[in-house]
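Asker: At position 59 of the sequence shown (counting the first as 1) the number is 59 in full-length UniProt numbering, and the numbers step up by one without a gap.
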Amino acid sequence: MALEEFRVRFGKAITELIGTAMLVMTIQLSVAGGLSSAPIVIGLVLVALVYGGFPISGAHYNPAISLAVFVRGKISLREMFVYWLFQIGGGILGALLGGVIIGRTAGIAIGTGFGFLQAFLAELVFTALLCFTVLAVATNSKVEGNSYYGFAIGLVVLVGAATVGPVSGGAFNPAVALGLVLVKHFWRLGYVIWVVLAELLGALGGAMIFYLCVPDEFEHVGEEARNLLPGQNA
């Protein structure tokens with residue numbers, strides 16, 4: 001396969017893999033390293049990665065965002081699954097790289113003194129807010145070409161990590177949660193499955209909020225997504 005053909009076929013997916021890996025590596029380094037400024041570091045690196053990857057792949061770096069963008073009709077079902085595969089692979093790669101560099105690993109767990117429902121709601125609500133923000137600033141024709149989309153997305157993650165990180169781990173991203181836990185300890189995978197479910201439900205919630213707030217931008221749901229949504233088959 002020629003290099004140009006490879007780039008055309010896999011350039012977007014490779015961008016998602018590299019971007020997700022760099023994001024998770026930064027999370028691993030800052031959290032496992034005990035940085036009090038970890039939310040700021042993570043938010044800023046996401047800003048940089050979004051600006052770098054957006055013209056190529058849309059810079060999702062997050063299966064929940066890819067789900068919301070699919071429901072929005074901006075990518076196909078096949079593209080979404082390819083993105084998911086490379087994002088999760090990038091999450092595992094980034095967690096491994098960060099662990100090797102710093103010599104220890106971070107995980108995702110319910111914070112001390114908090115319950116499962118609190119952690120579930122924290123992940124669901126902030127993932128919904130993140131996905132709504134992405135749809136509003138990066139897919140909305142009314143603000144097309146704006147220069148602030150990366151900062152808006154990064155700020156949501158920064159605020160979420162700072163406020164509910166102690167509650168749920170503050171992933172808001174299935175690739176982050178799976179990557180960190182698979183590298184650190186398999187026995188917490190049960191909790192992470194619920195975290196991922198909360199994040200995917202949050203993605204659908206964020207897409208629904210966008211639909212309610214900006215209905216004219218949602219005048220057609222992607223045909224594949226339409227077939228998956230109740231009441232959209234008529």
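Virtual Cβ for every residue (Gly too), placed ideally from N, Cα, C.
#1: So what does DSSP say about residue 156, is it helix, strand or coil?
#2: Which same chain residues end up closer than 6 Å to residue 241 when comparing Cβ atoms and leaving out the 5 residues on each side of it in sequence?
#3: Three or more beta-carbon pairs under 8 Å between the stretch 46 to 61 and the stretch 75 to 87, yes or no?
#4: Who are the near neighbours of residue 154 in its chain, counting only those whose CB is closer than 6 Å to its CB and skipping five residues on each side?
#5: Ignoring anything shorter than 4 residues, give me the alpha helix (DSSP H) runs that lie fully in the stretch 66 to 134, in order along the chain.
#6: Please check the pair residue 237 and residue 108, which I expect to be a contact at CB under 8 Å, by giving their CB distance rounded to whole angstroms.
#7: Just the C-alpha distance for residue 217 and residue 76, rounded to the nearest angstrom, thanks.
#8: For residue 16, is the classification buried or exposed, using 16 other Cβ atoms within 10 angstroms of its Cβ as the cut-off for buried?
#9: Kindly list the residues whose CB is nearer than 6 Å to the CB of residue 122, restricted to its own chain and excluding five residues on each side of it in sequence; keep chain order.
#10: Which of the three DSSP states is assigned to residue 20 in this structure?
#11: Below 8 Å, how does it come out for the stretch 103 to 117 and the stretch 196 to 206: are there three or more Cβ pairs, yes or no?
#12: The ligand MN and residue 107: does the residue's C-beta get closer than 7 Å to at least one heavy atom of that ligand?
#13: By the three-class DSSP mapping on this structure, what secondary structure does residue 204 have?
#14: Specify the secondary structure class of residue 141 as computed by DSSP and reduced to three states.
#15: Go to residue 54, then tell me how far its alpha helix (DSSP H) extends in each direction, as first and last residue.
#16: Is the stretch 93 to 111 in contact with the stretch 65 to 75, if contact means three or more CB pairs nearer than 8 Å?
#17: Does residue 150 pass the burial test, meaning 16 or more other C-beta atoms within 10 Å, or should it be called exposed?
#18: Just to confirm before moving on: does the CB-CB distance between residue 127 and residue 53 stay below 8 Å?
#19: State the Cα-Cα distance for the pair residue 184 and residue 96, rounded to the nearest angstrom.
#20: Kindly indicate which three-state DSSP category residue 34 falls into: helix, strand or coil?
#21: On the CB-based measure, 16 or more other CB atoms within 10 Å of its CB, does residue 147 come out buried or exposed?
#22: Does the Cβ of residue 234 have 16 or more other Cβ atoms within 10 Å, making it buried, or fewer, making it exposed?
#23: Taking 8 Å as the threshold (C-beta atoms), are residue 198 and residue 120 in contact?
Answerer: Judging by the given coordinates:
#1: helix
#2: In the structure as shown, the chain starts at 1 and stops at 234, and residue 241 therefore has no counterpart that could be examined.
#3: yes
#4: Counting only residues of its own chain and dropping the five nearest sequence neighbours on each side, residue 154 has a CB closer than 6 Å to the CB of 43, 46, 47.
#5: 77 to 102
#6: This structure cannot settle anything about residue 237, because the visible part of the chain is limited to 1 through 234.
#7: 18 Å
#8: buried
#9: 164, 167, 168
#10: helix
#11: no
#12: With respect to the ligand MN, the structure shown offers nothing to examine, as it has no ligands at all.
#13: helix
#14: helix
#15: 38 to 57
#16: no
#17: buried
#18: no
#19: 9 Å
#20: coil
#21: exposed
#22: Because residue 234 carries a pLDDT of 47, less than 50, the predicted location of this residue cannot be relied on, and the following value inherits that uncertainty. Exposed.
#23: In this structure, residue 120 lies near residue 198, with their beta-carbon atoms less than 8 Å apart.
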